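Colleague:
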Amino acid sequence: MKIVEAYATKCPCWSKNLYQQSIGPDNKNADPNYQAFYACKPPRLILHSVGCSRASAKVQAQKWNQAGNGSAIAHAAIDAETGDVWQTLRWNMRGWHAGTAGNNCAVGVEMCESTAIRYLKVGESGYQPGKFEVLDLAKARSNCETTYRSAVELFAYLCQLLGSKPSEIRSHNEWNREHGVSGHIDPEHFWRQLGMSYTMNGFRADVAAMVQNATATGELYRIQVGAFRKRAYAEAFLHEVQEKYPGAFIKTEKQ
Numbered sequence: 000m001k002i003v004e005a006y007a008t009k010c011p012c013w014s015k016n017l018y019q020q021s022i023g024p025d026n027k028n029a030d031p032n033y034q035a036f037y038a039c040k041p042p043r044l045i046l047h048s049v050g051c052s053r054a055s056a057k058v059q060a061q062k063w064n065q066a067g068n069g070s071a072i073a074h075a076a077i078d079a080e081t082g083d084v085w086q087t088l089r090w091n092m093r094g095w096h097a098g099t100a101g102n103n104c105a106v107g108v109e110m111c112e113s114t115a116i117r118y119l120k121v122g123e124s125g126y127q128p129g130k131f132e133v134l135d136l137a138k139a140r141s142n143c144e145t146t147y148r149s150a151v152e153l154f155a156y157l158c159q160l161l162g163s164k165p166s167e168i169r170s171h172n173e174w175n176r177e178h179g180v181s182g183h184i185d186p187e188h189f190w191r192q193l194g195m196s197y198t199m200n201g202f203r204a205d206v207a208a209m210v211q212n213a214t215a216t217g218e219l220y221r222i223q224v225g226a227f228r229k230r231a232y233a234e235a236f237l238h239e240v241q242e243k244y245p246g247a248f249i250k251t252e253k254q
């Protein structure tokens, strides 16, 4: 899995997060929704798919990274051709991907969908929300498998990084159903129409297995970026590191 940093710095969501993270929950200008996300530890994880024939995560990231985008952005998009993850928000930032309730507690990831499908338009014969025709089944299934495998690896990574639980992962569809929200049937509609065997129960199990396997090896690969004799210095540096890697922590050692 390759993570490409493509932060959406032009999107208002980015600047709003930077401001809200800088003022704290007690400030009179604090937005309770953003502060709720920052206080939600560990965050939930929500799996999406884009709902259009857009295979490129780069294109998706560019679509989100616009000054006029005031409505939708997830934390990352997975490319349907390569499986690369294009990260558009830091994991400790509140996104716009699952309504207020979801945005307030969850990190969201979009899987891109194959260009070998075409969604039907309103008025076309057989139209239903989320219904598409398949132009090249082999290619569409291959792209779907690529995003699925990458999503499993990414979510296993996020579970270890953020402390999230595989059992609490939800699809956009599941989240909406649990919270009485209509619309957004992804990504199950995509898997189902391609005849894939994927399910969210299977996805959660695959993520859990990958997390367990990583834990069972008994090996830890630590990355040390600093050592200080004064705790105040360590805490100041930790704050800077957590801006980009929220799972960073201080480990005290006696000499």
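Heads up, the sequence shown is in numbering that gives the first Met the number 0, so the first residue is 0 and it goes up one at a time. Just so you know, even glycine gets a beta-carbon here, dropped at the ideal spot from N, CA and C. Values in this document were obtained by computation on a predicted structure and should not be read as measured data.
Please go through the region 167-226 and give each complete alpha helix (DSSP H) segment of 4 or more residues, from N-terminal end onward.
Modeller: Within the region 167-226, the complete alpha helix (DSSP H) runs of at least 4 residues are 171-177, 187-192, 199-215.
Colleague: Mapping the DSSP letters down to three states, classify residue 52 as helix, strand or coil.
Modeller: Counting from 1 along the sequence shown, the entry for residue 52 is found at position 53. In the structure shown, residue 52 sits in coil (DSSP, three-state: anything other than H, G, I, E or B).
Colleague: Going by DSSP in three states, residue 148 sits in which element: helix, strand or coil?
Modeller: For the purposes of this step, residue 148 is taken as residue 149 along the sequence shown, with counting starting at 1. Residue 148: helix per DSSP, three-state reduction.
Colleague: Helix, strand or coil for residue 20, going by three-state DSSP, please let me know.
Modeller: In the sequence shown, counting from the first residue as 1, residue 20 sits at position 21. Of the three classes helix, strand and coil, the one that applies to residue 20 here is helix, per DSSP.
Colleague: Under 7 Å: does the beta carbon of residue 22 sit that close to some heavy atom of the ligand NAD?
Modeller: Summarising the ligand content, the structure contains no ligands, and the ligand NAD is consequently not present.
Colleague: Have a look at residue 204 and residue 214 and give me their C-alpha separation to the nearest angstrom.
Modeller: Here residue 204 refers to the residue found at position 205 when the sequence shown is read from its first residue. Here residue 214 refers to the residue found at position 215 when the sequence shown is read from its first residue. Their Cα atoms are separated by approximately 15 Å.
Colleague: If you draw a straight line from the alpha carbon of residue 198 to that of residue 39, how long is it in whole angstroms?
Modeller: Taking the first residue of the sequence shown as position 1, residue 198 is located at position 199. Taking the first residue of the sequence shown as position 1, residue 39 is located at position 40. Those two C-alpha atoms are separated by around 27 Å.
Colleague: For residue 84 and residue 160, which I take to be in contact (beta-carbon distance under 8 Å), what is that distance rounded to the nearest angstrom?
Modeller: Looking up residue 84 in the sequence shown gives position 85. Looking up residue 160 in the sequence shown gives position 161. Their Cβ separation, rounded to whole angstroms, is 13 Å, which puts residue 84 and residue 160 out of contact at 8 Å.
Colleague: Quick one: any contact between the region 95-114 and the region 57-76, if contact means 3 or more CB pairs under 8 Å?
Modeller: In short, these stretches touch, since the Cβ pair count reaches three.
Colleague: Go through its chain and collect everything with a Cβ distance to residue 82's Cβ below 6 Å, but skip five positions before and after it.
Modeller: Within the sequence shown, numbered from 1, the residue matching residue 82 stands at position 83. For residue 82, where only same-chain residues beyond five positions count, the Cβ hits under 6 Å are 145, 149.
Colleague: By the DSSP assignment, the beta strand (DSSP E) with residue 86 in it spans what residues?
Modeller: Locating residue 86 in the sequence shown gives position 87, where the first residue counts as 1. Unbroken beta strand (DSSP E) run through residue 86: 84-86.
Colleague: Tell me whether the beta-carbon of residue 111 lies closer than 8 Å to the beta-carbon of residue 181.
Modeller: The residue given as residue 111 occupies position 112 in the sequence shown. The residue given as residue 181 occupies position 182 in the sequence shown. For residue 111 and residue 181, no; Cβs fall outside 8 Å.
Colleague: Whose C-beta lies closer than 7 Å to the C-beta of residue 206 among residues of the same chain, with five residues either side of it excluded?
Modeller: Your numbering for residue 206 matches position 207 in the sequence shown. Excluding sequence neighbours, residue 206 sits near 151, 154, 155, 158, 165, 168.
Colleague: Mind checking who residue 105 pairs with in its DSSP beta bridge?
Modeller: As a position in the sequence shown, residue 105 is number 106, starting the count at 1. Bridge partners of residue 105: 43.
Colleague: If you pair each beta-carbon of the region 132-139 with each one of the region 8-23, do three or more pairs fall below 8 Å?
Modeller: With the cut-off at 8 Å, the region 132-139 and the region 8-23 do not touch.
Colleague: Please classify residue 126: is it buried, with 16 or more other beta-carbons within 10 angstroms of its beta-carbon, or exposed?
Modeller: In the sequence shown, counting from the first residue as 1, residue 126 sits at position 127. Under this definition residue 126 is an exposed residue.
Colleague: Are the CB atoms of residue 86 and residue 22 nearer to each other than 8 Å?
Modeller: Residue mapping note: residue 86 aligns to position 87 of the sequence shown, counting from 1. Residue mapping note: residue 22 aligns to position 23 of the sequence shown, counting from 1. Contact: no.
Colleague: Does the beta-carbon distance from residue 24 to residue 34 come in below 8 Å?
Modeller: For the purposes of this step, residue 24 is taken as residue 25 along the sequence shown, with counting starting at 1. For the purposes of this step, residue 34 is taken as residue 35 along the sequence shown, with counting starting at 1. In contact: residue 24 and residue 34 (Cβ atoms closer than 8 Å).
Colleague: With DSSP run on the structure shown, which of helix, strand or coil describes residue 230?
Modeller: Indexing the sequence shown from 1 puts residue 230 at position 231. Three-state DSSP puts residue 230 in a helix.
Colleague: Tell me residue 112's beta-bridge partners as DSSP assigns them.
Modeller: To locate residue 112, count along the sequence shown from 1; it is residue 113. According to DSSP, which records beta bridges pairwise, residue 112 is partnered with nothing at all.
Colleague: Could you have a look at residue 89 and say whether DSSP puts it in helix, strand or coil?
Modeller: Here the question's residue 89 lines up with position 90 in the sequence shown. Coil.
Colleague: Tell me which residue opens and which closes the alpha helix (DSSP H) that residue 38 is part of.
Modeller: Here residue 38 corresponds to residue number 39 of the sequence shown, with the count starting at 1. Per DSSP, residue 38 belongs to the alpha helix (DSSP H) from 31-38.
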